Amino acid sequence: MDTLVVGGLLLLALMLLLSGGVWIAMTLAICGWIGQAFFTNTSPGANLFSSFWESNASWELAALPLFIWMGEILFRSRLSEDMFEGLRPWLNRVPGRLMHTTILGCGIFGSVSGSSAATCATISKVALPELLKRGYSEQLALGSLATAGTLGILIPPSITMVVYAVAADASIIRIFLAGFLPGLLLMVLFSGYIVWWSLRNPDQVPAADPPTTFAEKIRRSGNLIPCTLLILFIVWVLIAGWATATECAAYGVLGALVMAGWSKSLTWASFWEGLMGATRSSCMIMFILAGAAFLTKTMAFTGIPRVLAEWVTAQQFSPYALIAMLTVIYLVLGTALDGISMIVLTSAVVLPMIQKAGFDLIWFGIFIVLLVEIAEVTPPVGFNLFVLQNMTGKDSTVIARAAIPFFACLVVCIVLVTLFPQIVTIVPDLVMGKEK
């Protein structure tokens, strides 16, 4: 049977199973088994067991549950309240004032949590009631929180980056380093829109708080010290080569436990809840990766990626045309799938195309993370929309409409890193040298 016909049948099976509510991991494994059982001469049973073992028996992947656990610990501590108090006095005279705490708070917390949903939930829990109480625009607050929460997966350490690095067999450290400048760029774009909106709507911005002395600002900034030290420590030991990403994740967990204990917000109940939350999330992600590994092996046996790569070559797509086509595909997938599922579902097919077109896999990793950020705020399956819906009682479509201007900022960021890939590659190249 023609290879592309086989690919079409597997895609049809995939869509039918997903639309029927079958778990994503099971869907991937079932499609992999169908492909090997009916369209190859290999043994699907033996390959299933080997794929499940090989995909999870990875030292690099051990960083995943540790980073998730670190985020769970910080999520249940007083870190977010401390960050809000530390940032508030410095923003009093900036157009938009305390509205910027949503951006800065998500950026700082995202750098230690690694999770978009945890970042959105934590900062929303503290910032949203405070902003509404002071009379700030609810629509602007909801839109900024929904999109700024996605910084949790762009500013390292990031769970999504770890998953991509494993799927692409790329350096976790290089991808972590590559996320810093795009993350800062996105924060600037978000805050820039808030400034622009505030200058156009001065009547909807509350009056400034009474002036705060410089000494008081410094005193309140002390609340940022524990989080800042944890970030700097994790990044420093990575850059210095003193520890692997997995070892840094372990240090991050230890640091988070120390911080939570120091703030007296760590109890046996919160410790157990965080551990169980990390276990559930890690098992779900690893199960998805295992199913994707089996499907990837099926793709290799059937030759679908090779045929698709040859087809792309035959079409003579320019690099930008290929990126534009992939962008549309990922935006469509983002309406129905979460980010990690998007990566593991498409890596077997997309990565050979990207390499064939001459793109850097580290750059593409950041590019795809930005597309995943868009998926987090795209109805109907936008995780951050669900988080805010549960916290505010607002319909997810209302939140999605509020996020449209910030959604546009995400698109601008994607365009900029595509036109100027040095935004992504300059930091890892400077720190670790160019890859040969």
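Heads up, the working numbering is the position in the sequence shown plus 54, with the first residue counted as 1. For each residue, glycine too, the CB sits at the ideal point set by N, CA and C. Bear in mind that the values here come from a model prediction, so they are computed numbers and not experimental data.
Can you give me the start and stop residues for the alpha helix (DSSP H) that Tyr218 sits inside? According to the DSSP assignment, Tyr218 belongs to the alpha helix (DSSP H) that extends over Ile213 to Ala222.
I'd like to know whether the C-beta atoms of Leu185 and Leu152 end up nearer to each other than 9 Å. Yes, Cβ-Cβ distance for Leu185 and Leu152 is below 9 Å.
Delimiting residues of the alpha helix (DSSP H) encompassing Tyr557: Given a span of 55 to 490 for the chain in the structure shown, any question on residue 557 remains unanswerable.
Quick one: what does DSSP say Pro149 is sitting in, helix, strand or coil? Reduced to three states, the DSSP call for Pro149 is coil.
I need the boundaries of the alpha helix (DSSP H) containing Asp483, first residue and last residue. Its alpha helix (DSSP H) spans residues Gln476 to Met486.
Using the rule of at least 16 other Cβ atoms within 10 Å of the residue's Cβ for burial, across every protein chain shown, is Leu136 buried or exposed? In the sequence under discussion, the amino acid at residue 136 is Asp, which differs from the Leu named in the question. Taking all protein chains in view, the Cβ of Asp136 is crowded by 16 or more other Cβ atoms within 10 Å, so the residue is classified as buried.
Quick test of your reading: Leu240 and Leu208, contact by CB under 8 Å. State the CB separation rounded to the nearest angstrom. The Cβ separation is near 7 Å, so the contact holds.
Rounded C-beta distance between Ala332 and Ile122? I'm assuming under 8 Å. Ala332 to Ile122, Cβ: 5 Å. Contact.
Under the assumption that Phe244 contacts Ile157 (Cβ atoms under 8 Å), give the Cβ distance between them as a whole number of angstroms. That pair is a contact at about 5 Å.
At the level of alpha carbons, what is the spacing between Leu385 and Glu430? If you take the alpha carbons of Leu385 and Glu430, they lie about 11 Å apart.
Count Cβ pairs between the stretch 249-257 and the stretch 212-222 that sit closer than 8 Å; are there 3 or more? Not touching, per the Cβ criterion.
If we ignore side chains and look at the alpha-carbon of each, how far apart do Ala310 and Thr173 end up? One Cα belongs to Ala310, the other to Thr173, and the distance between them is close to 15 Å.
Helix, strand or coil: how does DSSP classify Thr201 here? DSSP places Thr201 in helix when its eight states are reduced to three.
Between Met340 and Phe92, what straight-line distance do the alpha-carbon atoms span, to the nearest angstrom? Looking at the backbone, the Cα of Met340 and that of Phe92 are separated by about 26 Å.
Would you say Glu301 and Val291 are within 9 Å of each other, going by their C-beta atoms? The Cβ atoms of Glu301 and Val291 sit closer than 9 Å to each other.
Do you know how far the Cα of Leu349 is from the Cα of Phe371? Across the structure, Phe371 and Leu349 are spaced so that their CA atoms are roughly 27 Å apart.
Expected contact under 8 Å - CB spacing of Lys488 and Gly86 to nearest Å: Not really, about 36 Å apart at Cβ, beyond 8 Å.
Give me the Cα-Cα distance between Leu376 and Leu118, rounded to the nearest whole angstrom. For Leu376 and Leu118, the gap between their C-alpha atoms comes out near 31 Å.
Taking only three categories from DSSP, how would you classify Ile209? In the structure shown, Ile209 sits in coil (DSSP, three-state: anything other than H, G, I, E or B).
Please report the straight-line C-alpha distance between Glu126 and Gly159, rounded to a whole angstrom. Put simply, the backbone Cα of Glu126 is about 17 Å away from that of Gly159.
Would you decide whether Ala219 is buried or exposed? Buried here means 16 or more other CB atoms lie within 10 Å of its CB. By the C-beta density criterion, Ala219 is buried, having at least 16 other C-beta atoms within 10 angstroms.
Extent of the continuous alpha helix (DSSP H) run through Gln90: Ile78 to Phe93 is the extent of the alpha helix (DSSP H) around Gln90.
Range covered by the alpha helix (DSSP H) that runs through Trp251: Phe234 to Arg254 is the extent of the alpha helix (DSSP H) around Trp251.
On a Cα-Cα basis, can you pick out the residue from Leu308, Ser401, Lys179 and Phe268 that is closest to Leu283? The residue with the shortest Cα to Cα distance from Leu283 is Leu308.
Could you give the distance in angstroms between the alpha-carbon of Asn255 and the alpha-carbon of Gly150? Using only the alpha carbons, I get a separation of about 10 Å.
Within 9 Å, strictly: CB atoms of Thr204 and Ser170: Closer than 9 Å, so yes.
Quick one, which of Val76, Ser191 and Ser104 has its alpha-carbon nearest Ile453's? Here the closest residue by C-alpha is Ser191.
State buried or exposed for Gln476, treating a residue as buried only when at least 16 other CB atoms are found within 10 Å of its CB. Gln476 is exposed by the Cβ-count criterion.
What do you get for Ala456, buried or exposed, if any count of 16 or more other CB atoms within 10 angstroms of its CB means buried? Here Ala456 is buried, its C-beta having at least 16 other C-beta atoms within 10 Å.
Am I right that Ala303 and Gly419 are in contact with their C-beta atoms under 8 Å? What's the rounded C-beta distance? That pair is no contact at about 18 Å.
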